[in-house]
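Q: Read top to bottom, the protein sequences are chains W and V. Numbers 326 to 463, taken from our numbering, label the letters of the first sequence in order. Numbers 326 to 463, taken from our numbering, label the letters of the second sequence in order. Okay, here's the structure, questions in a sec.
There are 2 protein chains.
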Amino acid sequence: MESNALGILRQYDLRHTDTRENILNSFLQKTTALSHSDVETSLSDGFDRVTIYRTLKTFLDKGIIHKILDDNGGVKYALCKDQCASGHHHHDHVHFKCSECNETFCLEKFLIPEIILPEGYQRKDINVLVQGICPKCN
Amino acid sequence: MESNALGILRQYDLRHTDTRENILNSFLQKTTALSHSDVETSLSDGFDRVTIYRTLKTFLDKGIIHKILDDNGGVKYALCKDQCASGHHHHDHVHFKCSECNETFCLEKFLIPEIILPEGYQRKDINVLVQGICPKCN
DNA sequence: AGATTTTTTGTAATCAAAACGCAAATTTAG
DNA sequence: CTAAATTTGCGTTTTGATTACAAAAAATCT
């Protein structure tokens, strides 16, 4: 994936707007996953809540960002590193949430081991959230 | 764990009330995980929303039920089968959500494989949600 | 049983998160 | 530059969740 906002927008066939550029830059600058409200506060110019919802949904649909489940029933988002296309996310890495600093990270290099399912269950997508203490808080 | 509501309440040192008995029975009767609103609609007598929140929290704290993350940023609950005590949940099984019927199941017999973490990350709790098609919808 | 203490519940109010419809503004294409 | 299509902002509404407080119910103790 490109590493600048405009390039990404072009690559994914999205119109270039202030909101999208700014939100993408937020993701590019942070190493942690961002919730809707994280995104909202990361933007100095006050973009509308609803616009942010829609932008996140657009990015999600296009395969630019992926969802990360939060333990308290919330959702965070982070950039997809590669091999995600429109409507086809391919993630096999582990997510880690630190219970100390409450940050969530993608452990891109650490893949989800094979998970055996009972007969008849068809796997489509897997989400693994490990909670614990991150190196910084340790 | 006992398989009748009153027994469970006694076992966990909880007072026997209508709400608790009814909510426990909802869980005992269903094989799927229930959200707050699932519980609410499963009760014929109209118990108050707030009471249901509190009851779920109580059960959670006592180790009677456990949290299951939902992909859309929600939380569902299901009975703990065993080895959970007050404040000490021990779950190592996989959760499965069917994207067809939207039901979530505990796959009690299917354990989470060991997940390798980078140096310095300290694991405390793991949550695995597999999404796909369940046998009934296949 | 009856009275007391403690816990639990219901109500109302509050607050935040998320969704929808529509009109205005912006981007792209011609 | 103009027109068409998309995106955005705003008002409104719905839903989810939490709090404070008074009423009700459960357990305890004569």
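Glycine is no exception: its CB is placed at the ideal position from the N, C-alpha and C atoms. Quick caveat, the model's predicted, so the values are computed rather than measured.
(1) Flag Ile333 (chain V) as yes when its Cβ comes closer than 7 Å to any non-hydrogen atom of the ligand NAP, and as no otherwise.
(2) Can you tell me whether DSSP reads Ser351 (chain W) as helix, strand or coil?
(3) Give the residues of chain W in contact with Phe435 (chain V), contact being defined as C-beta atoms less than 8 Å apart.
(4) In three-state terms, what does DSSP make of Ser360 (chain V)?
(5) When burial is assigned at 16 or more other CB atoms within 10 Å of the CB, is Glu454 (chain W) buried or exposed?
(6) Quick one, are the C-beta atoms of Ala403 (chain W) and Ala358 (chain W) less than 8 Å apart?
(7) Using a beta-carbon distance below 8 Å, is Phe421 (chain W) in contact with chain V?
(8) Can you name, in chain order, every residue of its own chain whose Cβ lies under 6 Å from the Cβ of Gln447 (chain W), other than the five neighbours on each side?
(9) For His391 (chain V), count neighbouring Cβ atoms within 10 angstroms of its own Cβ and tell me buried if that reaches 16, exposed if not.
(10) Suppose the cutoff is 6 Å on Cβ atoms and the five residues either side in sequence are ignored; what does the same chain contact list for Thr376 (chain W) look like?
(11) How big is the Cα-Cα spacing for Asn463 (chain W) and Gly445 (chain V)?
(12) Per the contact definition of three or more C-beta pairs closer than 8 Å, is the segment 382 to 402 of chain W in contact with the segment 332 to 340 of chain W?
(13) Mind listing, in chain order, the continuous beta strand (DSSP E) runs of no fewer than 3 residues lying wholly within the segment 424 to 462 of chain V?
(14) Can you list, in chain order, the residues of its chain whose CB lies under 8 Å from that of Glu346 (chain W), leaving out five sequence neighbours each side?
(15) Return no unless some Cβ of chain V is closer than 8 Å to the Cβ of Leu394 (chain W).
(16) Under the assumption that Gly457 (chain V) contacts Cys423 (chain V) (Cβ atoms under 8 Å), give the Cβ distance between them as a whole number of angstroms.
(17) Using a Cβ-Cβ cutoff of less than 6 Å, which residues in the same chain neighbour Val400 (chain V) once the five nearest sequence positions on both sides are dropped?
(18) In this structure, does DSSP put Ile390 (chain W) in helix, strand or coil?
(19) Buried or exposed: which applies to His420 (chain V), given that a residue is buried once 16 or more other Cβ atoms fall within 10 Å of its Cβ?
(20) Once DSSP output is grouped into helix, strand and coil, what is the label at Lys471 (chain W)?
(21) Are the C-beta of Val375 (chain V) and some C-beta of chain W separated by less than 8 Å?
(22) Does Leu432 (chain W) have its Cβ less than 8 Å from a Cβ in chain V?
(23) Spatial neighbours of Asp417 (chain W) within its chain, please: CB distance less than 7 Å, with the 5 preceding and 5 following residues excluded, ordered by chain position.
(24) Applying the criterion that 16 or more other CB atoms from any shown protein chain within 10 Å of the CB defines a buried residue, is Asp373 (chain W) buried or exposed?
(25) Name, please, each residue of chain W whose Cβ falls closer than 8 Å to the Cβ of Asn427 (chain V).
(26) Taking CB distances under 8 Å as the criterion, tell me whether Ser362 (chain V) reaches chain W.
A: Inspection of the coordinates gives the following:
(1) For the ligand NAP, the structure offers nothing, since it holds no ligand at all.
(2) helix
(3) Ile440, Ile441, Leu442, Pro443
(4) strand
(5) Per the sequence presented here, residue 454 (chain W) reads as Leu, with Glu not at that position. Its Cβ being crowded by 16 or more others within 10 Å, Leu454 (chain W) is buried.
(6) yes
(7) yes
(8) none
(9) buried
(10) Excluding positions up to five away in sequence, the list reads Thr344.
(11) Their backbone Cα atoms lie some 8 Å apart in a straight line.
(12) yes
(13) 429 to 436, 447 to 458
(14) Only Ala330, Leu331, Leu334 meet the Cβ criterion.
(15) yes
(16) 7 Å
(17) Exclusion of the five residues before and after Val400 (chain V) leaves Lys392 as the residues of its chain whose Cβ lies within less than 6 Å of its Cβ.
(18) strand
(19) buried
(20) As shown, chain W starts at 326 and ends at 463. That puts residue 471 (chain W) outside it, with no answer to give.
(21) With 8 Å as the cut-off, Val375 (chain V) does not count as an interface residue toward chain W.
(22) yes
(23) Leu436, Ile437
(24) Asp373 (chain W) is exposed by the Cβ-count criterion.
(25) None at all; the shortest Cβ gap to chain W is about 13 Å.
(26) no
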